[in-house]
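Undergrad:
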Amino acid sequence: MDTHGREFIVNAEEYKKYKTIEEYIEEKTASTADSKEITANLKRYFASHSFRSQVYDSIGLIASTYKDQSLVNWPSPYVLYDKFSEDEYSDGNYEFAEKFYFTVKQQSGDHQLMETIWSLYLDKKSRFESKYRNLPKAVFQSDLNDSNLLLDDQLNLVGIIDFNLSGTETILNYIICECLYFLRVDDLDKLGDWAFMKQCDEHLAKAMSAVTKHYELSQQELDVINDLYNIVAPFRFPTMHLFIKDLKANNGDKMDAMLEWIYYQLTRSDIHQLIQEVDFSSASS
590 MDTHGREFIV
600 NAEEYKKYKT
610 IEEYIEEKTA
620 STADSKEITA
630 NLKRYFASHS
640 FRSQVYDSIG
650 LIASTYKDQS
660 LVNWPSPYVL
670 YDKFSEDEYS
680 DGNYEFAEKF
690 YFTVKQQSGD
700 HQLMETIWSL
710 YLDKKSRFES
720 KYRNLPKAVF
730 QSDLNDSNLL
740 LDDQLNLVGI
750 IDFNLSGTET
760 ILNYIICECL
770 YFLRVDDLDK
780 LGDWAFMKQC
790 DEHLAKAMSA
800 VTKHYELSQQ
810 ELDVINDLYN
820 IVAPFRFPTM
830 HLFIKDLKAN
840 NGDKMDAMLE
850 WIYYQLTRSD
860 IHQLIQEVDF
870 SSASS
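Numbering (this note's numbering), first residue to last: 590 to 874.
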């Protein structure tokens with residue numbers, strides 16, 4: 590199959606051997622009065638480290654097996670500096686950062702920190718491009734949601750489907766994007782809470798530990814991991830979507846906390862140390 594200049598192998602997903610997480614939850618809650626409670630418990634399990642570590646394992650296995658092999662000539666949606674598709678005007682990282690910038694500018698209040706962030710971000714991203722393009726690469730699926738992860742009867746991850754968002758990506762960028770803690774609505778009131786920030790760091794370190802059981806980061810990757818984190822972590826799509834939605838709905842009530850959180854992620858220099866020294870036994874599951 591050819592679409593938009595890209596060739597795809599199309600398989601009939603209705604004949605797949607295993608259920609997706611989404612299908613499993615639907616099956617377990619189809620005929621019960623306790624569907625909300627069951628759904629909540631299952632979602633809690635599938636978000637836990639005990640399950641997600643299997644996803645992180647798969648990332649490491651793919652990276653170690655296919656590093657710089659069988660690359661395709663289109664990028665993943667996570668790519669920096671290049672457009673994912675021809676109808677986009679920039680890479681996704683810049684697009685989301687710019688949307689947030691202009692949303693903040695529409696709010697009342699002091700915009701000086703936003704201007705500082707924007708200037709720092711543009712400078713860091715510009716200076717990092719040559720290093721980024723030389724990093725090891727692999728092809729990743731890039732859409733690891735509940736409709737794409739396959740389970741066996743023991744609720745173990747056994748496969749991934751739906752590769753419409755697959756593409757070549759630098760391994761380190763993909764690892765960071767997938768291992769970051771994804772902020773939720775309930776987290777917006779905790780952006781300045783250091784205990785919460787530590788939990789987010791422990792999540793990242795724990796996830797990267799699972800990945801690096803199978804894929805050993807090279808010295809080249811370790812040398813740039815902090816710079817790449819500074820560019821990627823503050824402006825991931827889920828975070829920007831959450832922040833922008835809240836700014837528009839609540840007249841920028843949490844704008845200062847968001848900006849301070851972004852500035853911290855953009856300027857911190859401890860990521861290499863963090864992933865080596867975290868006490869995994871104390872990290873939450």
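Where a beta carbon is used, it is the ideal one built from N, C-alpha and C, also for glycine.
Three or more beta-carbon pairs under 8 Å between the segment 679-699 and the segment 814-826, yes or no?
TA: Touching, yes, given that three or more Cβ pairs across the two stretches are closer than 8 Å.
Undergrad: How big is the Cα-Cα spacing for His803 and Ser642?
TA: Those two C-alpha atoms are separated by around 12 Å.
Undergrad: The alpha helix (DSSP H) with Gly841 in it runs from where to where?
TA: First-last for Gly841: undefined, no H or E at that position.
Undergrad: Between which two residues does the beta strand (DSSP E) harbouring Lys726 extend?
TA: Looking at the DSSP string, the run of the beta strand (DSSP E) that includes Lys726 is 726-729.
Undergrad: Take Val550 and list the residues in its own chain whose beta-carbon comes closer than 6 Å to its own, dropping the five residues that flank it on each side.
TA: In this structure the chain extends from 590 to 874, so residue 550 is not present and cannot be described.
Undergrad: With DSSP run on the structure shown, which of helix, strand or coil describes Leu806?
TA: Residue state, collapsed to three classes: coil.
Undergrad: Below 8 Å on the Cβ atoms is my contact criterion, and I expect Asn819 with His861 to pass it. Report the Cβ-Cβ distance as a whole number of Å.
TA: The pair is not a contact, with the Cβ atoms about 12 Å apart (cut-off 8 Å).
Undergrad: Please list, in chain order, all residues of the same chain as Ser659 whose beta carbon is under 7 Å from its beta carbon, the five residues on each side excluded.
TA: Closer than 7 Å at Cβ, skipping near neighbours: Val728.
Undergrad: Can you look up Val693 in the DSSP assignment and give me helix, strand or coil?
TA: Val693 falls in the helix class under three-state DSSP.
Undergrad: Would you list, in sequence order, the uninterrupted alpha helix (DSSP H) runs of no fewer than 4 residues that lie entirely inside the segment 737-799?
TA: You should have 760-768.
Undergrad: At the level of alpha carbons, what is the spacing between Lys834 and Ser858?
TA: Distance between the alpha carbons of Lys834 and Ser858: 29 Å.
Undergrad: Thinking just about the alpha-carbon of each residue, which of Met797, Asp782, Gly841, Gln788 is nearest to the one in Trp850?
TA: The residue with the shortest Cα to Cα distance from Trp850 is Asp782.
Undergrad: Tell me the residue span of the alpha helix (DSSP H) that contains His638.
TA: Note, His638: alpha helix (DSSP H), 638-655.
Undergrad: Please report the residue range of the alpha helix (DSSP H) in which Asp735 lies.
TA: Counting along the chain, Asp735 falls outside any alpha helix (DSSP H), and DSSP gives it neither H nor E.
Undergrad: Please report the distance separating the alpha-carbon of Ile610 from that of Leu754.
TA: C-alpha separation (whole angstroms): 19 Å.
Undergrad: For my contact list, Leu738 and Leu744 are in at a C-beta cut-off of 8 Å; report their separation, rounded to the angstrom.
TA: Going by Cβ atoms, the distance from Leu738 to Leu744 rounds to 11 Å, so no, they are not a contact pair.
Undergrad: When the Cα of Cys766 is compared with those of Tyr634, Tyr607, His792, which residue comes out closest?
TA: Comparing Cα-Cα distances from Cys766 to each of Tyr634, Tyr607, His792, the minimum goes to His792.
Undergrad: So, helix, strand or coil for Thr609, using DSSP?
TA: In this structure, Thr609 counts as strand in the three-state DSSP scheme.
Undergrad: Rounded to whole angstroms, how far is the Cβ of Thr759 from the Cβ of Leu724, which I believe are closer than 8 Å?
TA: Indeed, because the Cβ distance is near 4 Å, the residues count as touching under 8 Å.
Undergrad: Would you list the one or two residues that DSSP bridges to Pro664?
TA: In DSSP, Pro664 forms a bridge with Thr757.
Undergrad: Nearest-angstrom Cα distance between Lys694 and Lys632?
TA: Using only the alpha carbons, I get a separation of about 36 Å.
Undergrad: Among Glu805, Leu863, Ala846, which has the Cα closest to the Cα of Thr654?
TA: Selected option, being the one with the closest Cα: Glu805.
Undergrad: Kindly indicate the opening and closing residues of the alpha helix (DSSP H) around Phe673.
TA: That residue, Phe673, is in no alpha helix (DSSP H); it is neither H nor E in DSSP.
Undergrad: Anyone know if the C-beta pair for Met829 and Phe685 falls short of 8 Å?
TA: In this structure, Phe685 lies closer than 8 Å to Met829 by Cβ.
Undergrad: Please classify Asp680 as buried or exposed, where buried requires at least 16 neighbouring CB atoms within 10 angstroms.
TA: Label assigned to Asp680: buried.
Undergrad: Tell whether a beta-carbon distance below 8 Å holds between Asp732 and Asp751.
TA: Cβ distance < 8 Å, so Asp732 and Asp751 count as in contact.
Undergrad: Figure out for me which residue from Tyr852, Asp623, Ala652 has the closest Cα to the Cα of Trp707.
TA: When each option's Cα is compared against that of Trp707, the closest is Tyr852.
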